[in-house]
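Trainee:
In the numbering used here, the protein residues as written are 1 to 253.
1) If we ignore side chains and look at the alpha-carbon of each, how far apart do residue 183 and residue 72 end up?
2) Could you pull out every unbroken beta strand (DSSP E) segment of at least 3 residues lying fully inside the stretch 142-188, listed in chain order?
3) Compute the Euclidean distance between the alpha carbons of residue 15 and residue 218, then round it to the nearest angstrom.
4) Among 97, 208, 128, 88, whose alpha-carbon lies nearest the alpha-carbon of residue 225?
5) Candidates 66, 135, 87, 193: which alpha carbon is nearest residue 173's?
6) Just tell me which of 177, 145, 181 has its CA closest to the CA of residue 166.
7) So, with DSSP's three-state summary, where would you put residue 44?
8) Name the residue from 119, 43, 234, 110 whose alpha carbon lies nearest to the alpha carbon of residue 186.
9) Out of curiosity, what's the CA-to-CA distance linking residue 99 and residue 109?
10) Do you know offhand how far residue 251's Cα is from residue 243's?
11) Assign residue 246 to one of three DSSP states: helix, strand, or coil.
12) Thinking C-alpha only, which one of 10, 199, 55, 178 is nearest residue 40?
13) CA-CA distance, residue 147 and residue 81?
14) Is residue 205 helix, strand or coil when you go by DSSP?
15) Applying the 10 Å Cβ sphere with the 16-neighbour rule, what's the burial state of residue 206?
16) Might you give, ordered along the chain, the residues of its own chain that have their beta carbon closer than 7 Å to the beta carbon of residue 254, omitting 5 neighbours on each side?
17) State yes or no: is the C-beta of residue 113 within less than 8 Å of the C-beta of residue 70?
18) Does residue 216 pass the burial test, meaning 16 or more other C-beta atoms within 10 Å, or should it be called exposed?
19) Taking all protein chains shown into account, decide if residue 4 is buried (16 or more other Cβ within 10 angstroms of its Cβ) or exposed.
20) With 16 other CB atoms within 10 Å as the buried threshold, where does residue 24 fall?
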């Protein structure tokens, strides 16, 4: 499929936005397209004392990266163990199934009570948001590894550690990577929600809420667009790595 085919629907959306904004003629409800896009022409300008678009984007990216890395450090090894040993999975499954459906924003009161206002609280919300998709995909990936591959390794007298590192983890790699991709998307949504909380003084979520209070809807939408652009770039990175490093998965099916 040609790359420009994917641009048709976004172009129609922008056209619809432009026409609707002209018909409404109220920038406090829906600003014109140009008024929003002009925010991107001055990405380093301080916006009503809330910092620039670039500065807030960098803060959000840092927070997401921190929370995402912590979640990976916890979820990937734990998922490998639970996927490998059924007894451990049975033991932990009840707690996982109880906690998994709880949305990250529901943890906000406890987060504020435990960690106070600041980076620790935001990082906790991000970790809670993305840890379960990573964990569940890792467990599923490990459990789907072909038993014949493990048995073959055993025939060659491979130790449990060698089976784990040379067979199971590489074979489960595509599923783990898919979990990381989904987890990062949820982490990105979680940080924006966390940055809208009282006491936060930076980040794209903060920028959106702060400028909304001044009636600057064009900056609000610009912040939303920036969130979407960064999300697309990161998702494309995950897809690129998946195609380059895990192309064998498609051939194996």
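Note that CB positions come from ideal geometry on N, CA and C, so glycine has one too.
Computed from a predicted structure; not experimentally measured.
Mentor: Reading it off the structure:
1) Translated into the one-based positions of the chain shown, residue 183 becomes position 183. Translated into the one-based positions of the chain shown, residue 72 becomes position 72. In a straight line, the C-alpha of residue 183 is about 9 Å away from that of residue 72.
2) none
3) Reading the chain shown from its first residue, position 15 is the one you call residue 15. Reading the chain shown from its first residue, position 218 is the one you call residue 218. If I take the Cα positions, the gap works out to 16 Å.
4) The count along the chain shown starts at 1 and reaches residue 225 at position 225. For residue 225, the nearest C-alpha among the options comes from 208.
5) As a first step, residue 173 must be located in the chain shown, where it is residue number 173. Ranking 66, 135, 87, 193 by Cα distance to residue 173 puts 135 first.
6) Taking the chain shown and counting its residues from 1, the one referred to as residue 166 is at position 166. It is 145 whose Cα lies nearest to the Cα of residue 166.
7) Numbered from 1 along the chain shown, position 44 holds the residue referred to as residue 44. Three-state DSSP puts residue 44 in coil, outside helix and strand.
8) Position 186 of the chain shown, counted from the start, is the residue given in the question as residue 186. Comparing Cα-Cα distances from residue 186 to each of 119, 43, 234, 110, the minimum goes to 234.
9) Here residue 99 corresponds to residue number 99 of the chain shown, with the count starting at 1. Here residue 109 corresponds to residue number 109 of the chain shown, with the count starting at 1. Rounded to the nearest angstrom, the two C-alpha atoms are 16 Å apart.
10) One-based indexing of the chain shown puts residue 251 at position 251. One-based indexing of the chain shown puts residue 243 at position 243. Annotation note: pLDDT 49 at residue 251 (below 50); position unreliable, no value reported.
11) Taking the first residue of the chain shown as position 1, residue 246 is located at position 246. In this structure, residue 246 counts as coil in the three-state DSSP scheme.
12) On the chain shown, residue 40 is found 40 positions in, with the first residue counted as 1. Selected option, being the one with the closest Cα: 55.
13) By 1-based counting over the chain shown, the position of residue 147 is 147. By 1-based counting over the chain shown, the position of residue 81 is 81. Distance between the alpha carbons of residue 147 and residue 81 is about 16 Å.
14) In the chain shown, residue 205 corresponds to position 205, counting from 1. Looking at residue 205 - three-state DSSP - the assignment turns out to be helix.
15) As a first step, residue 206 is located in the chain shown; it is residue number 206 there, counting from the start. So residue 206 ends up on the buried side.
16) With the chain running from 1 to 253 in the structure shown, residue 254 is simply not present.
17) Locating residue 113 in the chain shown gives position 113, where the first residue counts as 1. Locating residue 70 in the chain shown gives position 70, where the first residue counts as 1. No, Cβ-Cβ distance for residue 113 and residue 70 is not below 8 Å.
18) Residue numbering aside, residue 216 sits at position 216 when the chain shown is read from its first letter. When all chains shown are included, residue 216 counts as buried.
19) Position 4 of the chain shown holds residue 4. Classification for residue 4: exposed.
20) The residue you call residue 24 lines up with position 24 of the chain shown. Answer is exposed; the Cβ neighbour count stays below 16.
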